[in-house]
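Trainee: Numbering (the numbering used here), first residue to last: 358 to 683. Note that CB positions come from ideal geometry on N, CA and C, so glycine has one too.
See the structure below:
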């Protein structure tokens, strides 16, 4: 196992894209999903180095916490696998007005079946205006990034079991809808490990993430783009997307993240219809003309308090204000 920590998150998060290109071989982005983008840039750099050594990498756990990123990967020796793993590399075309993004793969698997090789990727026909917000501007380019899975669910489950938590203490994940603030971790049993509750909550959220969906949307950003007067609950938006047959989860890198396989058209319909309905003064149980139903959700009174996703007790201290005299 290879464990790597990068503390230059400002470079990876888009503040200095030229420095990121020089260090990691990728252009970073300061979009709303910059924390996950930083993880994928580091994994792309590792995949490139492993490919030169005729090896492949398997990400076991990828963490973006506070001012650093940390990845745990397993390295395998395979010259053939190094060629095939290049299908996990892609370019991100993003809209500067909203958090809409399109992943453009650099190579694609040969669909003819004549050879077990990857072929050059093709640029799809991009619409002139953004599908989500309608802005008629050219898209920004970032990457290349690693587009494969960030975590290994079996490895995360073994980590939860290593915390000596019984199966009844681990929160179930029937619909991948949990977030850091929704976890009830007071019942977890086990030895008094330092920061055990924080580790248990973080790993439980990571276990519920969608592994095959790169990057995410921001619930608050979408509400600002569509000028929503009354911000809906994120749980309701997730339930609406599930009723439309989509898969939804959150991300440990952002508390208000929306990771889904729903198309940009569907997301625009959901938030746009919600904004129009509340602009007309309606509320409660609403059914739109477009076939989108907004159920009214009752918030539980015994909901646990919000849980901080950063490293406990390790946040940077305030800058010193007292001058030092010689």
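Pairing CB atoms from the stretch 565-582 with CB atoms from the stretch 437-455, are three or more of them under 8 Å?
Mentor: Touching, per the Cβ criterion.
Trainee: Do three or more CB pairs link the stretch 393-412 to the stretch 364-373 at distances below 8 Å?
Mentor: Cβ pair count under 8 Å is three or more, so yes.
Trainee: How would you label residue 587, buried or exposed, when you count the other beta carbons within 10 angstroms and need 16 or more for buried?
Mentor: Within the chain shown, the letter at position 230 stands for residue 587. Its Cβ having fewer than 16 others within 10 Å, residue 587 is exposed.
Trainee: Report all residues from its chain with a CB closer than 6 Å to the CB of residue 556; omit the five preceding and five following residues, and keep chain order.
Mentor: Your numbering for residue 556 matches position 199 in the chain shown. Cβ neighbours of residue 556 beyond the five flanking positions: none.
Trainee: What do you reckon, are the CB atoms on residue 413 and residue 435 nearer than 7 Å?
Mentor: Locating residue 413 in the chain shown gives position 56, counting from the first residue. Locating residue 435 in the chain shown gives position 78, counting from the first residue. Yes, they are a contact pair.
Trainee: How many angstroms separate the CA atom of residue 517 from the CA atom of residue 627?
Mentor: Along the chain shown, read from residue 1 onward, the residue named residue 517 stands at position 160. Along the chain shown, read from residue 1 onward, the residue named residue 627 stands at position 270. Going from the Cα of residue 517 to the Cα of residue 627 covers about 36 Å.
Trainee: Report yes or no: do three or more beta-carbon pairs, one from the stretch 499-513 and one from the stretch 398-410, lie closer than 8 Å?
Mentor: They touch, by the three-pair rule.
Trainee: For the beta strand (DSSP E) that residue 451 lies in, which residues bound it at each end?
Mentor: Taking the first residue of the chain shown as position 1, residue 451 is located at position 94. From DSSP, the beta strand (DSSP E) with residue 451 extends over 446-451.
Trainee: To the nearest angstrom, how far is it from the Cα of residue 408 to the Cα of residue 437?
Mentor: Here the question's residue 408 lines up with position 51 in the chain shown. Here the question's residue 437 lines up with position 80 in the chain shown. Those two C-alpha atoms are separated by around 10 Å.
Trainee: Enumerate in chain order the residues of its own chain whose CB-to-CB distance from residue 350 is below 6 Å, with the five nearest sequence positions on each side excluded.
Mentor: Since the first and last residues shown for the chain are 358 and 683, residue 350 lies out of range.
Trainee: Which residue's Cα is closest to the Cα of residue 602: 649, 610, 625, 565?
Mentor: Position 245 of the chain shown, counted from the start, is the residue given in the question as residue 602. Per the Cα distances, 649.
Trainee: Once the 5 residues before and after residue 476 are set aside, which same chain residues still bring their CB inside 7 Å of it?
Mentor: For the purposes of this step, residue 476 is taken as residue 119 along the chain shown, with counting starting at 1. If we look at residue 476 and ignore the five residues flanking it on each side, its Cβ neighbours are 464, 465, 467.
Trainee: Could you give the distance in angstroms between the alpha-carbon of residue 567 and the alpha-carbon of residue 509?
Mentor: In the chain shown, residue 567 corresponds to position 210, counting from 1. In the chain shown, residue 509 corresponds to position 152, counting from 1. Near 11 Å, if we compare the C-alpha coordinates of residue 509 and residue 567.
Trainee: Can you look up residue 464 in the DSSP assignment and give me helix, strand or coil?
Mentor: The residue given as residue 464 occupies position 107 in the chain shown. In the structure shown, residue 464 sits in a strand (DSSP, three-state: E or B).
Trainee: Of the choices 456, 580, 561, 515, whose alpha-carbon is the least far from that of residue 686?
Mentor: Residue 686 falls outside the range modelled here, since the chain spans only 358 to 683, and no answer is possible.
Trainee: For residue 631, I'd like the list of residues in its chain whose CB is within less than 6 Å of its CB, leaving aside the five on either flank, ordered along the chain.
Mentor: Along the chain shown, read from residue 1 onward, the residue named residue 631 stands at position 274. Excluding sequence neighbours, residue 631 sits near 589.
Trainee: Does DSSP classify residue 603 as helix, strand or coil?
Mentor: For the purposes of this step, residue 603 is identified with residue 246 of the chain shown, where counting begins at 1. Of the three classes helix, strand and coil, the one that applies to residue 603 here is coil, per DSSP.
Trainee: So the beta strand (DSSP E) residue 616 belongs to, where does it begin and stop?
Mentor: Taking the chain shown and counting its residues from 1, one reaches residue 616 at position 259. It spans 611-617 - the beta strand (DSSP E) in which residue 616 sits, taken as one unbroken run.
Trainee: For residue 588, does the three-state DSSP call read helix, strand or coil?
Mentor: Residue mapping note: residue 588 aligns to position 231 of the chain shown, counting from 1. Residue 588: coil per DSSP, three-state reduction.
Trainee: Considering only C-alpha positions, which residue in the set 597, 618, 608 is nearest to residue 652?
Mentor: As a first step, residue 652 is located in the chain shown; it is residue number 295 there, counting from the start. It is 597 whose Cα lies nearest to the Cα of residue 652.
Trainee: Short of 8 Å in beta carbon distance, which residues of its chain neighbour residue 473, apart from the five on each side in sequence? Order them along the chain.
Mentor: Taking the first residue of the chain shown as position 1, residue 473 is located at position 116. These residues qualify, in order along the chain: 437, 441, 467.
Trainee: Tell me the DSSP secondary structure of residue 434 in three-state form.
Mentor: By 1-based counting over the chain shown, the position of residue 434 is 77. Here residue 434 sits in strand by DSSP.
Trainee: Check each candidate in 483, 604, 507 and name the one with the smallest Cα separation from residue 459.
Mentor: Along the chain shown, read from residue 1 onward, the residue named residue 459 stands at position 102. Comparing Cα-Cα distances from residue 459 to each of 483, 604, 507, the minimum goes to 483.
Trainee: Where does residue 439 sit, in a helix, a strand or coil, going by DSSP?
Mentor: For the purposes of this step, residue 439 is identified with residue 82 of the chain shown, where counting begins at 1. Three-state result, residue 439: helix.
Trainee: Could you check whether residue 507 and residue 419 sit closer than 7 Å to each other, using their CB atoms as the reference points?
Mentor: Along the chain shown, read from residue 1 onward, the residue named residue 419 stands at position 62. Along the chain shown, read from residue 1 onward, the residue named residue 507 stands at position 150. Closer than 7 Å, so yes.
Trainee: Let me check one thing: in DSSP terms, what residues is residue 475 bridge-paired to?
Mentor: Stepping through the chain shown from its first residue, residue 475 is reached at position 118. BP columns for residue 475 point to 466.
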